[in-house]
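Once you know that position 161 of the sequence shown is 161 in our numbering, the rest is easy, because the numbers rise by one and skip nothing.
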Amino acid sequence: MRGSRATAACLVLLGVLPAGSGQWGADVPGETHRWLLSAGPATAGVIGLVIEVLADDDGVLAFRTGLREAGAGDSVAWGQPAGDAVALDGSWWSLARPVEPLDATTPEPGSLRRLGVDVVEATTGDPDGDGTDEVVVVFRRPFRETVVSGLLPEVVELDGAGRSLHLGLYTPDLAQEWVAGTLFRPVSAVAACDGALALGFASSVDTHDRVAAGAILWGGFGFTSLPGLPDLPGAGDPACADVNGDGRTEPVVINRTPEERTTP
Numbered sequence: 001m002r003g004s005r006a007t008a009a010c011l012v013l014l015g016v017l018p019a020g021s022g023q024w025g026a027d028v029p030g031e032t033h034r035w036l037l038s039a040g041p042a043t044a045g046v047i048g049l050v051i052e053v054l055a056d057d058d059g060v061l062a063f064r065t066g067l068r069e070a071g072a073g074d075s076v077a078w079g080q081p082a083g084d085a086v087a088l089d090g091s092w093w094s095l096a097r098p099v100e101p102l103d104a105t106t107p108e109p110g111s112l113r114r115l116g117v118d119v120v121e122a123t124t125g126d127p128d129g130d131g132t133d134e135v136v137v138v139f140r141r142p143f144r145e146t147v148v149s150g151l152l153p154e155v156v157e158l159d160g161a162g163r164s165l166h167l168g169l170y171t172p173d174l175a176q177e178w179v180a181g182t183l184f185r186p187v188s189a190v191a192a193c194d195g196a197l198a199l200g201f202a203s204s205v206d207t208h209d210r211v212a213a214g215a216i217l218w219g220g221f222g223f224t225s226l227p228g229l230p231d232l233p234g235a236g237d238p239a240c241a242d243v244n245g246d247g248r249t250e251p252v253v254i255n256r257t258p259e260e261r262t263t264p
């Protein structure tokens, strides 16, 4: 079958052509490696398929596919995962096999009462990447106008009690480090990864359902959402896992069911 031979050929090429280096090389046992395959050079009017794979000694860990148009140089339009995903290098990759998420540590609910807010979700981790764990809290409080809400009032959603939704980082003794004055989408779940947050989104401020998931990265003065990390639709679970073996956890979205998956 033509399709079967093409797949086998791709796997052979991916096994010997390291990405990024542009050179031939041998694998080092115990390390992860990347391979990049372009299905022919892009010429005038031709779009080339690009596949990038992350693998270790046990096989493929994650992959992404994209299109590179003639004249676009090294720029690739990467597609979005149809199933479980990991955020690597500022874009989503498809997970090729199950991962073991980091066990989330939840603060004692009673200790959070002194914040004086309605806590929706709370966890601990190092989302600002400074080497020290913070307490991450998603909460509701009575609405107070901010610069952003004054400029973009349509993005602020209030619940039935007139409360807005926020996300904050606190020290272990609950001293405030950083709080998002305005959230552009209701958050119903959070996982604190190294230098990033994995988020689950609700359909409204009043609900605790899950309609999408996403990831934001710490930028020094707050969190940043990147073009390569759009929200992924469906009730997937946000979590953290060290997928590439670098000792740091990355945002992952797991348990996305077939009916909730989309194609690029």
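All C-beta atoms, glycine included, are put in the ideal place defined by N, C-alpha and C.
Short Cβ contact (9 Å threshold) for residue i with residue j
i, j, result
"V99", "A241", "yes"
"G219", "L229", "no"
"D135", "L174", "Per the sequence presented here, residue 135 reads as Val, with Asp not at that position. Yes. Within cutoff."
"L90", "A104", "This sequence places Gly at residue 90; Leu is not what is there. No, the pair does not count as a contact, with Cβ atoms beyond the cut-off."
"T65", "G83", "no"
"Y170", "L217", "no"
Per-residue DSSP class, three states only, for residue i
i, result
"G150", "helix"
"S21", "The predicted model places S21 with a pLDDT of 33, which falls under 50 and marks its position as unreliable, so this point remains unresolved."
"G110", "helix"
"L115", "helix"
"V155", "helix"
"R64", "strand"
"A235", "coil"
"T249", "coil"
"T207", "coil"
"G168", "strand"
"F143", "coil"
"L174", "coil"
"V28", "With a pLDDT of only 39 at V28, under the threshold of 50, the placement of this residue in the model should not be trusted; the figure read from the coordinates follows. Correct three-state label for V28: coil."
"G48", "strand"
"V86", "strand"
"S75", "coil"
"E69", "strand"
"V179", "strand"
"A104", "coil"
Supposed contact pair residue j and residue i - C-beta distance, whole angstroms, cut 8 Å
i, j, result
"L167", "A180", "5 Å"
"A96", "V147", "Not confirmed; about 43 Å, so no contact."
"G195", "G129", "3 Å"
"A85", "V253", "5 Å"
"P127", "L226", "Actually they do not touch by this definition, with Cβ atoms about 15 Å apart."
"W92", "P101", "The Cβ separation is near 17 Å, so there is no contact."
"T106", "T123", "6 Å"
"R248", "G234", "26 Å between Cβ atoms; not a contact."
Distance between residue j and residue i (C-alpha atoms, nearest Å)
i, j, result
"V50", "E250", "23 Å"
"D56", "D206", "43 Å"
"D58", "V138", "38 Å"
"A189", "V211", "11 Å"
"L183", "P109", "23 Å"
"P186", "D231", "12 Å"
"D159", "R141", "10 Å"
"T224", "F201", "16 Å"
"V296", "R113", "Residue coverage of the chain in this structure runs from 1 to 264, which leaves residue 296 outside it and unanswerable."
"S111", "H208", "22 Å"
"A277", "A62", "This structure cannot settle anything about residue 277, because the visible part of the chain is limited to 1 through 264."
"E69", "E177", "44 Å"
"V117", "P172", "17 Å"
"A42", "A239", "Summary for A42: the model assigns pLDDT 48, below 50, so the residue's position carries little reliability; its value from the coordinates is reported in the next sentence. Going by the C-alpha atoms only, they are around 37 Å apart."
"L67", "E52", "11 Å"
"G48", "S94", "20 Å"
"D237", "P153", "30 Å"
"A161", "L54", "48 Å"
"R163", "S204", "12 Å"
In DSSP terms, what residue i is bridged to
i, result
"V190", "L199"
"A122", "V137"
"V223", "Sequence inspection shows Phe at residue 223; the Val mentioned does not correspond to that position. Beta-bridge pairing links F223 to W218."
"L275", "Residue 275 cannot be examined here, being either before or after the span of the chain that is shown, 1 to 264."
"A161", "DSSP lists no partner for A161."
"A241", "E250"
Interface flag, residue i vs chain D, CB-CB below 9 Å
i, result
"R248", "Chain labels in this structure do not include chain D; a single protein chain is all it has."
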